[in-house]
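What follows is a short report on a single structure.
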Amino acid sequence: NGRSLQVGEDDTSPSNEFTNCMNGIFASGDCNYTIYNNLFGKNSVSGVDRIGIRNIYIANLRSNFVDIDFHNEFYDYTYGIEIEGLTNESSVTIKNNDFFDAFITSGQNFEGTAILLNTHIPVSRILNGLIQANQIGTETGTSQPRIGIHLGNVGGFRIQNNDIYFHEDNPG
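Throughout the sequence shown, residue numbering follows the working numbering, covering 1319 to 1490 in sequence.
Following this line, the structure appears as structure tokens:
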């Protein structure tokens, strides 16, 4: 497959800012994705700059790769990253990102999840899977994610060196 999408670059300031929309990045199909150094939401008390549903959503990944790296920042999300349609030929790397305050309305289902990877047909092991060195939540904040990392019907991921915080006074 020769199709690819790169959103952002590896540098010191956010490449793109996604605010005040239903979804930051919404993609589907036979494509490779590289997502580096972007800002999703703005940590706004008023919620004006909130991402309505998903910061990043990728469906039908199949035999392609996703690389989400180099300090993407996620604020005010219902779902930080959601990837569906994984196969045994998929490759997913999510590392060096910061997930801050989740936006939780009902506290049901998987609302307030930082990283959600799912497939409807069980896959025992994807080709390459790494979730590493992400910060999910903060040590002192109260608007934390309800769920840090959720894998559904997919195996073969290495999940290592992530800092995941949760507070019992969280609204979810």
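Note that beta-carbon positions come from the ideal geometry of N, C-alpha and C, so glycine has one too.
Distance, residue j Cα to residue i Cα
i, j, result
"K1360", "R1368", "7 Å"
"D1394", "A1420", "5 Å"
"N1414", "R1321", "25 Å"
"G1459", "E1429", "18 Å"
"N1446", "S1424", "34 Å"
"Y1397", "I1343", "12 Å"
"Q1324", "I1386", "10 Å"
"N1382", "S1442", "17 Å"
"P1440", "F1417", "27 Å"
"Y1483", "G1365", "22 Å"
"F1388", "D1348", "24 Å"
Collapsed DSSP secondary structure at residue i in the structure displayed
i, result
"V1366", "coil"
"I1467", "strand"
"I1422", "coil"
Short Cβ contact (9 Å threshold) for residue i with residue j
i, j, result
"I1449", "Q1478", "yes"
"S1346", "I1371", "no"
Given residue i as reference, the closest of the options once Cα atoms are compared
i, options, result
"I1444", "N1452, T1405 and T1423", "T1405"
"N1338", "G1474, L1357 and A1451", "L1357"
Supposed contact pair residue j and residue i - C-beta distance, whole angstroms, cut 8 Å
i, j, result
"S1333", "Y1354", "7 Å"
"N1427", "I1399", "Actually they do not touch by this definition, with Cβ atoms about 16 Å apart."
"T1437", "N1471", "5 Å"
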